[in-house]
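Chemist: Handing you this structure, nothing more for now.
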Amino acid sequence: MQKIVALLALLATLPFHAFCADAAYKQVLISTGTNFVRVRLPLTDVTGKVRVKEKSADGFGIPIAPSKTVLGKKHFLEWQIGYDTPNVNDPTVVKKIMFTRKGETKYGHELSRIIFESVRLGLLSTNDILAEIKVLENIPATEFEESQPVSVDTETNNSSGGFQRAVQRVPQFTKTSPHGSVQIQLKQKQRAVGYQAMVYVCLPLTEILTLDGEPRKAGRAKTKETVYYDFTNENAGLLRDILRAFGLASAQHNEDMRTILKLVLEHAAD
Ligand code: ADE
Numbered sequence: 005m006q007k008i009v010a011l012l013a014l015l016a017t018l019p020f021h022a023f024c025a026d027a028a029y030k031q032v033l034i035s036t037g038t039n040f041v042r043v044r045l046p047l048t049d050v051t052g053k054v055r056v057k058e059k060s061a062d063g064f065g066i067p068i069a070p071s072k073t074v075l076g077k078k079h080f081l082e083w084q085i086g087y088d089t090p091n092v093n094d095p096t097v098v099k100k101i102m103f104t105r106k107g108e109t110k111y112g113h114e115l116s117r118i119i120f121e122s123v124r125l126g127l128l129s130t131n132d133i134l135a136e137i138k139v140l141e142n143i144p145a146t147e148f149e150e151s152q153p154v155s156v157d158t159e160t161n162n163s164s165g166g167f168q169r170a171v172q173r174v175p176q177f178t179k180t181s182p183h184g185s186v187q188i189q190l191k192q193k194q195r196a197v198g199y200q201a202m203v204y205v206c207l208p209l210t211e212i213l214t215l216d217g218e219p220r221k222a223g224r225a226k227t228k229e230t231v232y233y234d235f236t237n238e239n240a241g242l243l244r245d246i247l248r249a250f251g252l253a254s255a256q257h258n259e260d261m262r263t264i265l266k267l268v269l270e271h272a273a274d
């Protein structure tokens with residue numbers, strides 16, 4: 005009887021363990037070497053913040069099933085990179101980057117951590133950061149992508165079977181470099197009217213590494229496969245592009261970036 009109770013208790017905890025294992029798999033992790041900042045990303049989290057897409061002419065890319073597709077030159081990872089979290093225990097948090105937004109305490113994570121470590125390692129200089137703060141301060145309010153118009157053309161005399169045709173034009177902004185690109189996409193707000201600017205980092209599969217730091221060979225994704233991307237001296241320009249994208253995205257993102265960069269300058273030499 006005791007054994008049955010113990011077994012039932014164990015079975016009851018299985019969904020919890022499965023949930024934890026899944027959360028751990030989806031977690032972006034950041035580590036450093038002597039001259040690189042290494043990011044670990046999940047390859048098969050198709051509904052999450054990191055998705056595999058096939059390149060398309062419109063630049064948006066087409067989502068694909070990574071375990072059913074040979075991933076190679078035609079593919080890229082689209083990462084909705086974050087920069088802050090209310091969770092002080094997040095694995096990529098930098099506790100020294102702490103600020104308040106609308107009364108809530110935030111800690112730098114993901115992008116903030118990458119920038120913090122890059123300044124410590126010298127991939128970005130303090131002058132780079134100072135120069136970026138200056139550029140972000142001088143972006144006029146009219147330039148923010150979030151306020152760029154989305155237009156709808158409605159055709160009054162061209163209805164088909166009673167269905168009226170309307171065409172929506174949504175702007176998208178892309179900065180491409182040899183090692184990856186950054187995109188600002190306008191997305192309809194989930195629980196409000198209007199659009200919000202989302203920033204995505206696009207990493208070509210050809211730049212993606214395995215745990216040993218070697219290029220990942222073309223092939224289907226294995227179950228729960230994680231992959232790596234190194235920020236180095238060679239591709240530090242991509243980091244500046246990401247900062248600039250957030251600075252251009254909206255007034256709030258611009259303010260957050262300047263706050264974070266100032267805290268990086270204050271603490272990177274601690
Ligand atoms: N806030 C934090 N990360 C973001 C992202 N990638 N795009 C838009 N807003 C964000």
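Heads up, the sequence shown is in our numbering, so the first residue is 5 and it goes up one at a time.
Quick reminder that beta carbons are idealized off the backbone N, C-alpha and C, glycines included.
(1) Three or more C-beta pairs closer than 8 Å, one from the segment 180-189 and one from the segment 235-250: is that the case here?
(2) Using three-state DSSP, classify residue 234 as helix, strand or coil.
(3) Please name the residue or residues paired with residue 263 in a DSSP beta bridge.
(4) For residue 271, which residues of its own chain have a beta-carbon under 6 Å away from its beta-carbon, when the five flanking residues on both sides are left out?
(5) For residue 206, count the other beta carbons within 10 Å of its own beta carbon; 16 or more makes it buried, fewer makes it exposed. Which is it?
(6) If I measure Cβ to Cβ from residue 122 and keep anything under 8 Å in the same chain, skipping five residues before and after, which residues do I get?
(7) Collect the residues with a C-beta less than 6 Å away from any heavy atom of ligand 1 and give them in sequence order along the chain.
(8) From what residue to what residue does the beta strand (DSSP E) around residue 157 run?
(9) Would you list the one or two residues that DSSP bridges to residue 191?
(10) Do residue 75 and residue 222 have their CB atoms nearer than 9 Å?
(11) I'd like to check one pair, residue 116 with residue 87: are the Cβ atoms closer than 9 Å?
(12) Could you round the C-beta distance between residue 56 and residue 79 to whole angstroms and report it? I think they count as a contact, below 8 Å.
(13) Can you list, in chain order, the residues of its chain with a C-beta nearer than 8 Å to that of residue 238? Leave out the 5 residues immediately preceding and following it.
(14) Let's see if you can read the secondary structure: which residues bound the alpha helix (DSSP H) around residue 116?
(15) Assuming residue 4 contacts residue 45 under a Cβ cut-off of 8 Å, what Cβ separation, rounded to an integer in Å, is found between them?
(16) Under a Cβ-count criterion, where at least 16 other Cβ atoms within 10 Å of its own Cβ denotes burial, should residue 23 be classed as buried or exposed?
(17) Take residue 93 as the anchor and find which of 110, 125 and 77 has the nearest alpha-carbon.
(18) Name the residue from 215, 71 and 164 whose alpha carbon lies nearest to the alpha carbon of residue 50.
(19) Thinking residue 154 and residue 174 are a contact (beta carbons under 8 Å), I'd like their distance in whole angstroms, please.
(20) My understanding is that residue 63 touches residue 30, with C-beta atoms under 8 Å, so please give their C-beta distance in whole angstroms.
(21) With DSSP collapsed to three states, give me the class of residue 111.
(22) Just checking my contact of residue 137 with residue 266 at CB under 8 Å: how many whole Å lie between their CB atoms?
(23) Taking all protein chains shown into account, decide if residue 218 is buried (16 or more other Cβ within 10 angstroms of its Cβ) or exposed.
(24) If you run the structure through DSSP and keep just helix, strand and coil, what is residue 164?
Modeler: To lay it out plainly:
(1) Yes, since at least three Cβ pairs between the segment 180-189 and the segment 235-250 fall closer than 8 Å, the two stretches touch.
(2) Secondary structure of residue 234 (DSSP, three-state): strand.
(3) DSSP lists no partner for residue 263.
(4) 100
(5) buried
(6) 41, 128, 235, 240 and 243
(7) Going by the Cβ distance cut-off, the answer is 84, 85, 86, 87, 202 and 203.
(8) Looking at the DSSP string, the run of the beta strand (DSSP E) that includes residue 157 is 155-158.
(9) Residue 191 is bridged to 200.
(10) Yes, these two residues count as a Cβ contact at 9 Å.
(11) yes
(12) 6 Å
(13) 183
(14) 115-125
(15) Nothing in the structure corresponds to residue 4, since the chain is present only between 5 and 274.
(16) Exposed, since its Cβ has fewer than 16 Cβ neighbours within 10 Å.
(17) 110
(18) 71
(19) 5 Å
(20) Not quite, the Cβ-Cβ distance comes to about 26 Å (not below 8 Å), so this is no contact.
(21) Reduced to three states, the DSSP call for residue 111 is strand.
(22) 7 Å
(23) exposed
(24) strand
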